[in-house]
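Participant:
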Amino acid sequence: AQSVTQPDIHITVSEGASLELRCNYSYGATPYLFWYVQSPGQGLQLLLKYFSGDTLVQGIKGFEAEFKRSQSSFNLRKPSVHWSDAAEYFCAVDRFGGGSQGNLIFGKGTKLSVKP
Amino acid sequence: EAGVVQSPRYKIIEKKQPVAFWCNPISGHNTLYWYRQNLGQGPELLIRYENEEAVDDSQLPKDRFSAERLKGVDSTLKIQPAELGDSAVYLCASSPWDNEQFFGPGTRLTVL
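Protein sequences, first through last, are from chains X and G. Counting along the first sequence from 1, when you hit position 100 you're at 100 in the numbering used here, and nothing is skipped either side. Counting along the second sequence from 1, when you hit position 11 you're at 1011 in the numbering used here, and nothing is skipped either side.
1) Below 9 angstroms between beta carbons is the criterion; list the residues of the region 35-64 of chain X that meet it against any residue of chain G, in chain order.
2) Using a Cβ-Cβ cut-off of 7 angstroms, state whether X:K108 counts as contacting chain G.
3) I need the DSSP call for G:W1097, collapsed to helix, strand or coil.
4) Would X:D54 be called buried (16 or more neighbouring beta carbons within 10 Å of its own) or exposed?
5) Determine the contact status of X:L48 and X:Y36, defining contact as a CB-CB distance below 7 angstroms.
6) Would you kindly work out how many angstroms separate the C-alpha atoms of X:W83 and G:E1053, rounded to a whole number?
7) Leaving out five residues on either side along the sequence, give the residues of the same chain with a beta carbon under 8 angstroms from the beta carbon of X:G107.
8) What is the rounded straight-line gap between the Cα of G:S1087 and the Cα of G:N1038?
9) Using only CA atoms, which one of G:P1061, G:W1097 and G:P1081 lies nearest to G:P1018?
10) In chain X, which residues lie with their C-beta within 7 angstroms of the C-beta of G:R1048?
11) Counting contacts by CB-CB distance shorter than 7 angstroms, is X:F90 in contact with chain G?
12) Note down the Cα distance separating G:G1104 from G:S1007, rounded to an integer number of angstroms.
13) Could one say the Cβ of G:G1042 lies closer than 7 angstroms to chain X's Cβ atoms, at least one of them?
14) Under 7 angstroms, Cβ to Cβ, is there at least one residue of chain X near G:G1072?
15) Mind checking which residues open and close the beta strand (DSSP E) that includes X:K78?
16) Could you spell out where the beta strand (DSSP E) holding X:V114 opens and where it closes?
17) Kindly indicate if chain X contains any beta-carbon less than 7 angstroms away from that of G:G1104.
18) What does the Cβ neighbour count give for X:T30, buried or exposed, with the cut at 16 atoms within 10 Å?
19) Enumerated in chain order, which unbroken segments of the beta strand (DSSP E) with a length of 3 residues or greater are wholly contained in the region 1018-1046 of chain G?
20) Opposite G:E1014 in the DSSP bridges: which residues?
21) Could you check whether the Cβ of G:E1052 sits closer than 7 angstroms to any Cβ belonging to chain X?
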């Protein structure tokens, strides 16, 4: 069965420092992968998604993610973190493939704190 | 453009009481989703509607949960009776067909 693992429950970085959030997936075929962000009291917002092609995908708010099939990973990165990036980040995989975005399995999330 | 609207934002009830959550999706979005998000977990899909038809309700606990989407627009999720383990955030999302989902702010349910 498909699954998503986010190994880090909580990460703290200093403002201006670089960020990498880890995501590992378990999926038999080519996965369709997503990163969402959830700010306190808010719904989830899609940051970026990977379906095929270039393994480095660009998203909103300066985020990018790299798909590495050999490592079953889809890590999220940002070169310079802003205080407003403090939130919870969720990695997700499509349950059935085919580019569907309606059957998502989410990881448990990584909470990001930003130090001034 | 207005986002997904959910009400109430917070609800506190005693166990065995009924509770209902309401969701109004983004105008024109035919697909509507209800998720449950337990503390420290990611969202889990409860039910997905295409217009007024429930196309995936495999993870909806049907003994106590029910949902409806009359006229294919807004939707109601009901729990009757509520149990302590139902305490969670209930998220509604909508999308134009099988595309990017837009989430509402959620309803935080506390069952005492």
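By construction, the Cβ of each residue, glycine as well, lies at the ideal position given by its N, Cα and C atoms. Note that this is a predicted model, so its numbers are computed, not measured.
Facilitator: Result, derived from the coordinates:
1) Y36, Q38, G41, Q42, G43, L44, Q45, L46 and K49
2) yes
3) Three-state result, G:W1097: coil.
4) exposed
5) no
6) 42 angstroms
7) V4, T5, Q6, C23, F90, C91 and A92
8) 7 angstroms
9) G:P1081
10) G102
11) yes
12) 10 angstroms
13) yes
14) no
15) S73 to K78
16) T110 to K115
17) yes
18) Exposed: under 16 other Cβ atoms inside 10 Å.
19) Qualifying beta strand (DSSP E) stretches, in chain order: 1019-1024 and 1031-1037.
20) Answer by DSSP bridge pairing: none, since G:E1014 is not bridged.
21) Chain X, which has no Cβ nearer than 7 angstroms to the Cβ of G:E1052, makes this no.
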